[in-house]
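Read left to right, the sequence shown gives residues 7 to 270 (the numbering used here). What follows is one structure encoded as structure tokens, with my remarks underneath.
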Amino acid sequence: MRLACLLATATLAMVLAAPALSQTATEPIPITEWSRDKIIAMGQEIHRQDVAAWVATDALMSEFSGTPPQGLAGWIVVPEGRDQKVRFLKAEGDLVSAGWDVIVRNGRAGDVVDVTDGTLSDQEQARFRARMTAASNIGRLRCSPNMNAVVADDPDSDGWLVWLLTSTTDASIVPMGGHYRFLISADGTTVQQRDMLTNSCLPMPRNAAPEGAQTAALTISQIVSDGPVETHVFLSLQQRLPIYVIADDKLFEVNGARIRDVRR
């Protein structure tokens with residue numbers, strides 16, 4: 007489910023009931039600042055889950071000959087040791103259960119397994135509730151009709167971190183803006199903090215270099231934080247390109263899982 011090359015199947019995307027798309031917010035609202043270590047770790051986690059969901063979705067679609075299975079309601083990604091289990095969920099009335107599991111190891115999807123007892127654990131239910139709570143509380147900036155969701159344990163609390171990420175079906179565009187970060191309560195029902203990680207949509211051409219040249223890096227101005235955020239790490243890992251982040255009079259290089267001060 008790479009953001010730059012998302013499967014355009016509505017049942018596999020998070021479709022949020024929201025007003026018409028808003029390309030630019032009004033006054034920038036400063037976000038909660040994180041340590042550099044946490045920014046890097048969470049950017050890597052977003053990337054891990056993005057890859058897992060992408061390859062597992064490909065495996066599921068292949069298993070069902072390109073047509074989403076009946077009742078598909080979304081997915082959650084659950085850590086399983088060094089691997090990740092992508093649980094594709096099905097809905098029957100108000101009941102949500104696991105229908106199909108795919109284990110992703112080293113970025114590769116295993117077999118699609120039909121789940122006989124799809125009852126979700128308390129933690130899995132809370133994880134899914136956290137995703138849906140975030141989806142119901144998106145802010146005024148909307149940069150795509152569908153948003154991808156990533157849910158992770160917050161290392162600094164007993165709650166959940168949820169990201170709603172701008173998606174695109176155009177592989178030549180990097181969606182640099184419109185991403186949200188939520189801190190959700192442990193039971194998945196309450197928004198404790200919402201941070202809008204940019205103040206506008208910022209769709210950036212992936213290949214803007216002159217003919218015959220290759221793009222060497224991307225550059226972005228950041229006005230809601232004092233430096234890079236986790237989505238810069240994620241997008242650098244995904245695009246395999248450095249991203250230079252300008253914040254006030256400071257310049258940072260985000261190169262995969264490394265952040266370097268270029269000018270302070």
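Beta carbons are placed, not taken as given, at the ideal position from N, Cα and C, and that holds for glycine. This structure is a prediction, so every number in the text was calculated from the model and none was measured.
- Excluding its 5 nearest sequence neighbours in each direction, V57 has C-beta neighbours in its own chain below 6 Å: G113, listed in chain order.
- By the Cβ neighbour-count rule, T139 is buried, with 16 or more other Cβ atoms within 10 Å of its own.
- Taking all protein chains in view, the Cβ of E98 is surrounded by fewer than 16 other Cβ atoms within 10 Å, so the residue is classified as exposed.
- With a minimum length of 3 residues, the unbroken runs of beta strand (DSSP E) contained wholly in the stretch 63-114 fall at 78-86, 89-98, 101-111.
- For K91, the CB contacts under 7 Å within the same chain, skipping 5 residues up- and downstream, are V84, D107, I109 in chain order.
- Counting along the chain, T172 sits inside the beta strand (DSSP E) bounded by residues 166-172.
- Fewer than three beta-carbon pairs drawn from the stretch 165-176 and the stretch 221-228 are found closer than 8 Å, and the two stretches are therefore not classed as touching.
- Going by beta carbons, T38 and Q199 fall inside the 8 Å limit.
- From the listed residues M67, E51, V121, L27, the smallest Cα separation to P161 is found for E51.
- In the DSSP assignment, the residues bridged to T225 are Y250.
- The beta-carbon distance between I179 and P151, rounded to whole angstroms, is 15 Å. This is too long to meet the 8 Å contact definition.
- Of S231, Q244, R264, the smallest CA-CA separation from D255 is found for S231.
- Contact between G184 and R212 is absent: CB atoms are separated by about 17 Å, not below the 8 Å threshold.
- Note that the C-beta distance between K96 and G116 is not below 8 Å.
- Contact between M182 and T204 holds: CB atoms are separated by about 7 Å, below the 8 Å threshold.
- The continuous stretches of beta strand (DSSP E) do not include D128, which lies in the alpha helix (DSSP H) extending over residues 128-141.
- Setting aside the 5 residues that flank it on each side, A192 is surrounded in the same chain by D164, G165, each with a C-beta closer than 6 Å to its C-beta; the list follows chain order.
- In the three-state reduction of the DSSP assignment, G194 falls in the coil class.
- For V239, the enclosing alpha helix (DSSP H) covers residues 236-245.
- Classified as buried, E236 has 16 or more neighbouring CB atoms from the shown chains inside 10 Å of its CB.
- Going by C-alpha positions, T63 is about 14 Å away from R54.
- Between the alpha carbons of F70 and G124 lies a gap of roughly 19 Å.
- Cβ-Cβ distances below 7 Å link I46 to V239, A263, I265 in the same chain, with the five nearest sequence neighbours on each side left out; the list follows chain order.
- A distance below 6 Å between beta-carbons, with the five flanking residues on each side excluded, links P248 to the following residues of its chain, in chain order: A223, E259, N261.
- For Q244 and G49, the gap between their C-alpha atoms comes out near 10 Å.
- Going by DSSP, E33 is part of no beta strand (DSSP E) at all; its letter is neither H nor E.
- With 16 or more other Cβ atoms inside 10 Å of its own Cβ, Q228 counts as buried.
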